[in-house]
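Enquirer: Residue numbers (UniProt numbering), protein chains in the order written: chain A, 1 to 338; chain B, 1 to 343. I am attaching a structure below and will ask some questions about it afterwards.
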Amino acid sequence: MTSPVPEPQSVAFGQEIEYRAALREAIRQEMRADPRVILIGEEVGRYGGAYGVSKGLLEEFGEARVLDTPISEAAIVGTAIGAAMTGLRPIAELMYVDFAYLAMDQIANQAAKIRYMFGGQIGVPMVLRATMGTGRSSGAQHSQSLEALFWHTPGLRVALPATVSDAYFLLRQAIHSPDPVVFLEHKALYASKGVLQDQAPPMGVAVSRRPGQHLTLVTYSRQLHHCLQAADELAAEGIEAEVLDLRTLNPLDLETLAQSVRRTGRALIVTEDTLTAGASAELSALIQEACFDYLEEPILRLSGEDIPIPVSPPLEAGSVPSPDRIARAARRLLRRRG
Amino acid sequence: MSETIPVATRLELLRTMIRIRAFEERVGELFLRGETAGSMLHLSVGEEGAAAGIALAMQPGDTFTTHHRGHGIFVARGGDTQRMMAEIAGKITGYCRGKGGSMHIADMSLGHLGANAIVGGGIPAVVGAGLASKTLGQGSVSVAFFGDGAMQQGICFESMNLAALWKLPVVFAAINNQYGMGTRIDRASATLDFAGRARGFGLEAVEVDATQPERVWIAASALIERARAGQGAGFIVANGYRFYGHARKDKSPYRDPAEEAEGRKRDPILNQKNLLIGEGLLTETEYEAFWQAANLEMDAAESFAKQSEWPGLSTMFEDVYDPSSPPPVPVEERLNRVLGGAL
Numbered sequence: 001m002t003s004p005v006p007e008p009q010s011v012a013f014g015q016e017i018e019y020r021a022a023l024r025e026a027i028r029q030e031m032r033a034d035p036r037v038i039l040i041g042e043e044v045g046r047y048g049g050a051y052g053v054s055k056g057l058l059e060e061f062g063e064a065r066v067l068d069t070p071i072s073e074a075a076i077v078g079t080a081i082g083a084a085m086t087g088l089r090p091i092a093e094l095m096y097v098d099f100a101y102l103a104m105d106q107i108a109n110q111a112a113k114i115r116y117m118f119g120g121q122i123g124v125p126m127v128l129r130a131t132m133g134t135g136r137s138s139g140a141q142h143s144q145s146l147e148a149l150f151w152h153t154p155g156l157r158v159a160l161p162a163t164v165s166d167a168y169f170l171l172r173q174a175i176h177s178p179d180p181v182v183f184l185e186h187k188a189l190y191a192s193k194g195v196l197q198d199q200a201p202p203m204g205v206a207v208s209r210r211p212g213q214h215l216t217l218v219t220y221s222r223q224l225h226h227c228l229q230a231a232d233e234l235a236a237e238g239i240e241a242e243v244l245d246l247r248t249l250n251p252l253d254l255e256t257l258a259q260s261v262r263r264t265g266r267a268l269i270v271t272e273d274t275l276t277a278g279a280s281a282e283l284s285a286l287i288q289e290a291c292f293d294y295l296e297e298p299i300l301r302l303s304g305e306d307i308p309i310p311v312s313p314p315l316e317a318g319s320v321p322s323p324d325r326i327a328r329a330a331r332r333l334l335r336r337r338g
Numbered sequence: 001m002s003e004t005i006p007v008a009t010r011l012e013l014l015r016t017m018i019r020i021r022a023f024e025e026r027v028g029e030l031f032l033r034g035e036t037a038g039s040m041l042h043l044s045v046g047e048e049g050a051a052a053g054i055a056l057a058m059q060p061g062d063t064f065t066t067h068h069r070g071h072g073i074f075v076a077r078g079g080d081t082q083r084m085m086a087e088i089a090g091k092i093t094g095y096c097r098g099k100g101g102s103m104h105i106a107d108m109s110l111g112h113l114g115a116n117a118i119v120g121g122g123i124p125a126v127v128g129a130g131l132a133s134k135t136l137g138q139g140s141v142s143v144a145f146f147g148d149g150a151m152q153q154g155i156c157f158e159s160m161n162l163a164a165l166w167k168l169p170v171v172f173a174a175i176n177n178q179y180g181m182g183t184r185i186d187r188a189s190a191t192l193d194f195a196g197r198a199r200g201f202g203l204e205a206v207e208v209d210a211t212q213p214e215r216v217w218i219a220a221s222a223l224i225e226r227a228r229a230g231q232g233a234g235f236i237v238a239n240g241y242r243f244y245g246h247a248r249k250d251k252s253p254y255r256d257p258a259e260e261a262e263g264r265k266r267d268p269i270l271n272q273k274n275l276l277i278g279e280g281l282l283t284e285t286e287y288e289a290f291w292q293a294a295n296l297e298m299d300a301a302e303s304f305a306k307q308s309e310w311p312g313l314s315t316m317f318e319d320v321y322d323p324s325s326p327p328p329v330p331v332e333e334r335l336n337r338v339l340g341g342a343l
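Take a look at the structure:
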C-alpha cells in the first residue's frame, strides 16, 4: 500500500488543473504503464464519462481497454472482480455511488471477502470509482455519501480525495493496491482547480491542511474546502482551527488524528454523510477512545441531516455542512475557552 | 454418440461420478456425526452427470466458479479430496485454511475461482475471467456453474447479456435439480425453457439430460470449444434430480414421496454403468473396483480431515487484506490499548 509509484514524465506537475483532469491523467498514466489496466463502466468510453473524467481515453487505448457497458451495475463490478482474479487490473466505474446499492452483493459479499473466504489464495486488485455527494441538485438517488457502507465492510479500502493532487496520486495508488479500493469522487469537485504537486503521501496518511491549536476540524472530500473556509473565518476572530484531511477512511490514520485532538482538546467532525451510524459516528468513537483524557468538550459531529437528499437548491445546500455552520459549531465548541 | 466420445472419457465419466458420490456420501456421514463445520452442507448426489459431464469437457487452464452445491464439480476438475474434506471440517489444512468451508472452496491453481453462497453471486466473475482471457490472449474458457435457482436472479441475466455482447469465451452451466431449497422450479418460474431464455440473450444454448453424462459431455464440449474459438458465449442447462434435501439434514417433507422415488431412479451413475456394460466396455468387477478405489480415497480424505489441526485463533485476522498491510487489531487488544492510553 505504501510502495512508491513510479513517476511518469509527461504529467504537468506544478500547473493548475481540474480535479477531473487529474483523475484522467492518473488513469492515463497507469494505462500507459501497464497493459493490464482497463476501464469499465457505463458511458466511460464514447461519452467520455458522465462528468468528463475519461474523455480521450477510448481514443488512446481502444475498445479492448475502455469498455462501455450496458446499465448493469452488479455485472460491472462482478466482471471487474473476475478480471482482477485472472490477470487484469480493472478500474470499474459506477456513475453514481447511489448505484452501488444495485451492486452491493458483488462489492460487499464478493470483492471484499474473496481474499478471506479463500484463505488468502488470491486478492481482488480492482478500483471501484464512483461519484458521490451533493451540490448539483441531483436528488435523493444521485447525491448520497455512502462511504460508511464501504468503511463498515472489512476488506474494502476507501479513498475520498479532496484535492487535485490527491485525485491524481490516490487514484494511482489505488490502482496499485492489492486490495479492492472504493474510490469516491465528489461531484462538486470535478471542476475545481488546484496545483498538481509532484508527490502526495500514501493511502492511510492523513494530512493537516491548516495548522491550529484551538480545535481540530476532522474531515475529508468536499467538506475539506468548507472547513478551510470556516477556519479562515474563525482565524479572523482569533480562533485557530487545525484542519485535518483524512484522505482515506480505510486505511485510517488514527495516529495523526489522535495527536491533533490531544493537542487541541476539541474535535469537530465534518461530513456530508448522514449522522446515524454514519462515518462521523465511527470517527467520534475512535477519537473518544484515543483522546478521552485530553478532551475539553464533547466531540461534536456536524454531518449531513438524517434525511434523503432533497433537490431544491436551498434544501440541498441546507442538508449538509456549510462553512457558516462549521464556523458556528466551532465557536460553540470554544465557548468555555479559558 | 459413442463415436464422438473417446472410450477413456466414457470410463472417466463413470469413475468421476462415483468419486463425487463417494465424496458426498462421506461428508454427509461426517455431518451426521457432527464432524463437519456447521450445517451448511449441500450435497450434489443425483447431479453427478452434470458436474462430471461439463467439468471433464473443460481443459487445463480453464477457469470456473461454482455454487453452494459445488463439491462435485471441483472433484471432477481435479480438486484434492483431502484438502476439500479438511476445509469442510474447518481445519487449517483445508483449501481455504478453514475460513471458507463447504460453500467457499476455491483453488486458483486449478482455475477454481470460488464456490459461492449467494445464489448467482459467482456468475459475473466468469464474465471477467472471459474478458481477461480475451484481452490477454490466455486461450482459456471460463464456466459458471449454478443451479436452477440462479436462473431467477438478475445478475445471471446481466452476465449473460455482457458475455453474449462481447463474444467472450464463457459458458453458463445451469444444473437444474428441480428445486431451489424447498421450492420446485415450476413454482419459481412461469416458463421452464431456460435454453430459450438464454437464446434470447444471444447465447448458443442447449438443454440436456443430466442423467446421461455422455450427452452432457458432448454438448458441453461443443459449447466450450466454440467459445474458445471466439465464436461466442454459450449456455447449457442439464436437467436432473436432487436425491437428498436442500441441506443434509433436510428430509424434504415438501416433496411428494412418489416424485422422490421416481426422481432417484434417474441415476446418472447407473445409467452410465449400464451403458458401458451393455457395450462390453465395463465389467461388474471393474465397476466395483471403481467404488473400492473411491471409498479408499474418501477414507484417506476423512482421516486427513480428522487428523488435521484446527486453525490457530490468530489466523482469523489474516487474509482480510494483503499481507503487506497490518491485519485488523483484535477487539480485546484494542480495549487494552484504550485503557492503557496507547491507542
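We treat Cβ as the ideally placed atom computed from N, Cα and C, and that holds for glycine.
1) Could you check whether the Cβ of Ser-72(A) sits closer than 8 Å to any Cβ belonging to chain B?
2) Ignore the nearest five residues each way along the sequence and tell me which others in Glu-48(B)'s own chain have a CB closer than 7 Å to its CB.
3) Tell me the DSSP secondary structure of Thr-135(B) in three-state form.
4) Straight-line CA distance for Ala-329(A) to Ala-188(B)?
5) So if I threshold CB-CB distances at 9 Å, which residues from the stretch 130-150 of chain B count as touching chain A?
6) From this set, Arg-266(A), Glu-305(A), Tyr-294(A) and Glu-297(A), which residue's C-alpha is nearest Ala-277(A)'s C-alpha?
7) Determine the extent of the beta strand (DSSP E) in which Asn-176(B) is found, giving its start and end residues.
8) Near Glu-16(A), which residues of its chain fall below 6 Å by C-beta distance, leaving aside the five closest residues on each side in sequence?
9) Could you check which residue in Gln-110(A), Pro-178(A), Leu-23(A) and Ile-175(A) has the C-alpha nearest to that of Asn-116(B)?
10) Among Ala-8(B), Thr-4(B) and Arg-15(B), whose alpha-carbon lies nearest the alpha-carbon of Asn-271(B)?
11) Are there 16 or more other CB atoms within 10 angstroms of the CB of Glu-316(A), so buried, or fewer, so exposed?
12) Output, in sequence order along the chain, the residues in the stretch 28-55 of chain A whose CB is closer than 9 Å to any CB in chain B.
13) Give the DSSP-derived three-state secondary structure of Arg-301(A) in the structure shown.
14) Among the candidates Met-103(B), Ser-324(B) and Met-316(B), whose CA atom is the shortest distance from the CA of His-67(B)?
15) Would you mind stating whether Gly-82(A) and Asp-319(B) have Cβ atoms separated by less than 8 Å?
16) Closer than 7 Å, Cβ to Cβ, to anything on chain A: give me those residues from the stretch 64-78 of chain B, in chain order.
17) Let me know if Glu-18(A) comes out buried or exposed under the rule of 16 or more other beta-carbons within 10 Å of its beta-carbon.
18) Given 8 Å as the limit, is there contact between the stretch 209-217 of chain B and the stretch 318-338 of chain A, that is, 3 or more CB pairs closer than that?
19) Can you tell me whether Phe-183(A) is helix, strand or coil according to DSSP?
20) Any beta carbon from chain B within less than 8 Å of Glu-233(A)'s own beta carbon?
21) So Met-117(A) contacts chain B; which residues on that side make the cut at Cβ distance below 8 Å?
22) Pro-169(B) and Val-141(B) look like a contact to me (Cβ under 8 Å); what is the Cβ gap, rounded to whole Å?
23) Determine which residues of the stretch 221-235 of chain B have a Cβ less than 9 Å from any Cβ of chain A, and write them out in chain order.
24) Report the CB separation of Asp-245(A) from Val-207(A) in whole angstroms; it is logged as a contact under 8 Å.
25) With distances taken Cα to Cα, identify the nearest neighbour of Ala-290(A) among Gly-56(A), Glu-255(A) and Arg-129(A).
26) Helix, strand or coil for Val-320(B), going by three-state DSSP, please let me know.
27) May I have the straight-line CA-CA distance separating Ser-54(A) from Gln-153(B), to the nearest angstrom?
28) Would you mind giving the Cβ-Cβ distance between Val-218(A) and Leu-257(A), rounded to the nearest angstrom? I have them listed as a contact below 8 Å.
29) To the nearest angstrom, how far is it from the Cα of Ser-284(A) to the Cα of Gln-229(A)?
30) What does the alpha-carbon distance come out to for the pair Glu-288(B) and Ala-37(B)?
31) For Asn-161(B), which residues in chain A fall below 9 Å Cβ to Cβ?
32) Which of the three DSSP states, helix, strand or coil, is assigned to Asp-50(B)?
33) Between Ala-258(A) and chain B, is there a C-beta pair that is closer than 8 Å?
34) Buried or exposed for Phe-292(A), please, with buried defined as at least 16 other CB atoms from any protein chain shown within 10 angstroms of its CB.
35) Skipping 5 residues on each side, what residues in its chain have a beta carbon closer than 7 Å to that of Asn-295(B)?
36) Name, going along the chain, the residues of the stretch 322-334 of chain B whose beta-carbon falls closer than 9 Å to a beta-carbon of chain A.
Expert: Taking the definition as stated:
1) For the purposes of this step, residue 72(A) is taken as residue 72 along the first sequence, with counting starting at 1. Ser-72(A) counts as touching chain B.
2) Here residue 48(B) refers to the residue found at position 48 of the second sequence. Once the five neighbours on either side are set aside, the close Cβ partners of Glu-48(B) are Met-17, Ile-20, Arg-21, Gly-72, Pro-268 and Ile-269.
3) Numbered from its first residue, the second sequence carries residue 135(B) at position 135. Note: Thr-135(B) maps to helix in three-state DSSP.
4) To locate residue 329(A), count along the first sequence from 1; it is residue 329. To locate residue 188(B), count along the second sequence from 1; it is residue 188. Note on geometry: alpha-carbon atoms of Ala-329(A) and Ala-188(B) lie some 55 Å from one another.
5) Answer set for the stretch 130-150 of chain B: Gly-130, Leu-131, Ala-132, Ser-133, Lys-134, Thr-135, Leu-136, Gln-138, Ser-140 and Ser-142.
6) On the first sequence, position 277 is the one that residue 277(A) refers to. Restricting attention to Arg-266(A), Glu-305(A), Tyr-294(A) and Glu-297(A), the CA atom closest to the CA of Ala-277(A) is found in Glu-305(A).
7) For the purposes of this step, residue 176(B) is identified with residue 176 of the second sequence, where counting begins at 1. It spans 170-176 - the beta strand (DSSP E) in which Asn-176(B) sits, taken as one unbroken run.
8) Along the first sequence, read from residue 1 onward, the residue named residue 16(A) stands at position 16. Excluding positions up to five away in sequence, the list reads Lys-193 and Val-195.
9) To locate residue 116(B), count along the second sequence from 1; it is residue 116. The shortest C-alpha separation from Asn-116(B) is found at Gln-110(A).
10) For the purposes of this step, residue 271(B) is identified with residue 271 of the second sequence, where counting begins at 1. With distances taken between CA atoms, Asn-271(B) lies nearest to Arg-15(B) out of Ala-8(B), Thr-4(B) and Arg-15(B).
11) Position 316 of the first sequence, counted from the first residue, corresponds to residue 316(A). Under a 10 Å Cβ-count criterion, Glu-316(A) is classified as buried, with 16 or more other Cβ atoms of the shown protein chains found around its own Cβ.
12) Cβ contacts with chain B come from Pro-35, Arg-36, Ile-38 and Ile-40.
13) Counting from one through the first sequence, the residue named residue 301(A) turns up at place 301. Strand, per DSSP.
14) The residue given as residue 67(B) occupies position 67 in the second sequence. Per the C-alpha coordinates, the member of Met-103(B), Ser-324(B) and Met-316(B) positioned closest to His-67(B) is Met-103(B).
15) Taking the first sequence and counting its residues from 1, one reaches residue 82(A) at position 82. Taking the second sequence and counting its residues from 1, one reaches residue 319(B) at position 319. At a Cβ-Cβ threshold of 8 Å, Gly-82(A) and Asp-319(B) do not count as neighbours.
16) For the stretch 64-78 of chain B, which is checked against every Cβ of chain A, not one residue is closer than 7 Å.
17) Start at 1 with the first residue of the first sequence, and residue 18(A) comes out as number 18. Counting Cβ neighbours within 10 Å, Glu-18(A) comes out buried, since at least 16 surround it.
18) Short answer: they don't touch.
19) Here residue 183(A) corresponds to residue number 183 of the first sequence, with the count starting at 1. In the structure shown, Phe-183(A) sits in a strand (DSSP, three-state: E or B).
20) Here the question's residue 233(A) lines up with position 233 in the first sequence. Taking CB atoms only, Glu-233(A) has no neighbour in chain B less than 8 Å away.
21) Counted from its first residue, the first sequence places residue 117(A) at position 117. The answer, in chain order, is Cys-96, Lys-99, Gly-100, His-104, Ala-106 and Gly-114.
22) The residue labelled residue 169(B) in the question sits at position 169 within the second sequence. The residue labelled residue 141(B) in the question sits at position 141 within the second sequence. At roughly 5 Å, the Cβ-Cβ gap stays under 8 Å, so Pro-169(B) and Val-141(B) are in contact.
23) Correct list: empty, as no residue qualifies.
24) Walking along the first sequence from the start, residue 245(A) turns up at place 245. Walking along the first sequence from the start, residue 207(A) turns up at place 207. At roughly 5 Å, the Cβ-Cβ gap stays under 8 Å, so Asp-245(A) and Val-207(A) are in contact.
25) Mapped onto the first sequence, residue 290(A) falls at position 290. In terms of Cα proximity to Ala-290(A), the closest of Gly-56(A), Glu-255(A) and Arg-129(A) is Glu-255(A).
26) Along the second sequence, read from residue 1 onward, the residue named residue 320(B) stands at position 320. The answer is coil: DSSP assigns Val-320(B) none of H, G, I, E or B.
27) Stepping through the first sequence from its first residue, residue 54(A) is reached at position 54. Stepping through the second sequence from its first residue, residue 153(B) is reached at position 153. Taking the straight line from one Cα to the other gives about 32 Å.
28) Here the question's residue 218(A) lines up with position 218 in the first sequence. Here the question's residue 257(A) lines up with position 257 in the first sequence. Val-218(A) to Leu-257(A), Cβ: 6 Å. Contact.
29) On the first sequence, position 284 is the one that residue 284(A) refers to. On the first sequence, position 229 is the one that residue 229(A) refers to. Roughly 23 Å between the two C-alpha positions.
30) Position 288 of the second sequence, counted from the first residue, corresponds to residue 288(B). Position 37 of the second sequence, counted from the first residue, corresponds to residue 37(B). Going by the C-alpha atoms only, they are around 31 Å apart.
31) Here residue 161(B) refers to the residue found at position 161 of the second sequence. Listed along chain A, the residues sitting closer than 9 Å to Asn-161(B) by beta-carbon distance are Pro-70, Ser-72 and Ala-75.
32) As a working mapping, residue 50(B) is identified with position 50 in the second sequence. Before going on, a small fix: residue 50(B) reads as Ala here, not Asp. For Ala-50(B), the secondary structure class from DSSP, reduced to helix, strand or coil, is helix.
33) In the first sequence, the residue the question calls residue 258(A) occupies position 258. Yes, its Cβ sits closer than 8 Å to a Cβ of chain B.
34) Start at 1 with the first residue of the first sequence, and residue 292(A) comes out as number 292. Exposed, by the Cβ-count rule.
35) By one-based count along the second sequence, residue 295(B) stands at place 295. Within the same chain, and ignoring the five residues on either side of Asn-295(B) in sequence, the residues whose Cβ sits closer than 7 Å to its Cβ are Ala-22.
36) For the stretch 322-334 of chain B, which is checked against every Cβ of chain A, the residues closer than 9 Å are Asp-322, Pro-323, Ser-324, Ser-325, Pro-326, Pro-328 and Arg-334.
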